[in-house]
Amino acid sequence: MSTAIATPSGGVASVDLGCVHEHQLLRTAAFSLKSILRTDGSNSMAGTLLNPMLPNLPSIERFIFNITTTLEIKTAVLVTALIYVERLSRRLPESATGTVDTPYRIFLASLLLADKFWSDSAVPVKSLVAATGGIFAQREISNMERALIKLLGFNLFVSVDQIRSHAQKIGFVVPEYLD
């Protein structure tokens with residue numbers, strides 16, 4: 540997993556964690572999502588109609604693996620999504636709870652926002668719907684994205700240094716070279 544991303548100064552930075560660490564990064568993502576808030580075990584959210592496939596949700600680990608491999612998500616995008624998850628966890632009250640599918644929703648929304656932040660040709664929402672196996676509809680994913688933007692206070696900027704710092708914080712060494 541590696542990616543080249545534009546820097547604020549107009550240069551291009553390369554962020555490479557290597558394939559050896561790919562599964563550890565995905566496990567870290569799953570742990571971050573599981574620990575963001577308590578879930579009440581229900582499959583319903585007030586005012587939201589959920590897909591009947593939700594009782595058949597895969598494990599969050601399998602879900603993350605399927606999405607990231609199917610869509611060939613770049614390292615910088617995944618780490619940026621984890622930064623968004625961390626920012627969200629700091630903004631949520633300790634009493635916040637969610638439903639069983641909340642970590643999945645947070646992952647999809649953070650991944651979509653991160654991909655849009657770093658890419659001129661972001662993953663289309665239709666591709667996310669397909670990658671989830673139709674568990675979430677296009678409208679749901681778009682609503683998740685809008686809700687997360689608001690919850691993050693529209694603070695989406697992540698620098699290359701923040702990616703490196705966050706990757707190191709979760710146990711990865713990121714080379715300091717520029718392409």
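Be aware that the sequence shown starts at 540, since it is given in the numbering used here, and climbs by one per residue.
Beta carbons are placed, not taken as given, at the ideal position from N, Cα and C, and that holds for glycine.
All values derive from a computational prediction rather than experimental measurement.
Asked                                                                                                                                                                       : Found
One question on the structure: do ILE702 and ALA635 come within less than 7 Å of each other, judged by their Cβ atoms?                                                      : no
Compare the beta carbon distance of LEU650 and ALA620 with 7 Å and say whether it is the shorter of the two.                                                                : yes
State the CB to CB distance for the pair LEU627 and LEU691, rounded to an integer number of angstroms; the pair is presumed to be in contact (CB under 8 Å).                : 6 Å
Do ALA653 and THR609 come within 7 Å of each other at the CB atom, strictly closer than that value?                                                                         : no
Just to confirm the assignment, what range does the alpha helix (DSSP H) spanning ALA669 have?                                                                              : 664-670
Among LEU596, GLY710, ALA661 and TRP657, which residue has its Cα nearest to the Cα of TYR643?                                                                              : LEU596
Give me the Cα-Cα distance between THR607 and ILE688, rounded to the nearest whole angstrom.                                                                                : 21 Å
Got a sec? Which residues, its chain only, sit under 8 Å from ARG630 by beta carbon, not counting five neighbours each side?                                                : LEU690, LEU691 and GLY692
Between LYS655 and the rest of its own chain, which residues show a CB-CB distance below 7 Å, the 5 nearest in sequence each way excluded?                                  : ALA661
Mapping the DSSP letters down to three states, classify THR636 as helix, strand or coil.                                                                                    : strand
Can you tell me the Cα-Cα spacing of LEU617 and THR638, whole angstroms?                                                                                                    : 23 Å
When burial is assigned at 16 or more other CB atoms within 10 Å of the CB, is GLU684 buried or exposed?                                                                    : buried
Are there 16 or more other CB atoms within 10 angstroms of the CB of LYS613, so buried, or fewer, so exposed?                                                               : buried
Over what stretch of residues does the alpha helix (DSSP H) that includes VAL624 continue unbroken?                                                                         : 614-630
Drop a sphere of 10 angstroms on the beta-carbon of GLU679, count the other beta-carbons inside from all chains shown, and report buried for 16 or more, exposed for fewer. : buried
Tell me whether ASN605 sits in a helix, a strand or coil according to DSSP, three-state version.                                                                            : helix
What is the DSSP secondary structure of VAL699, counted as helix, strand or coil?                                                                                           : helix
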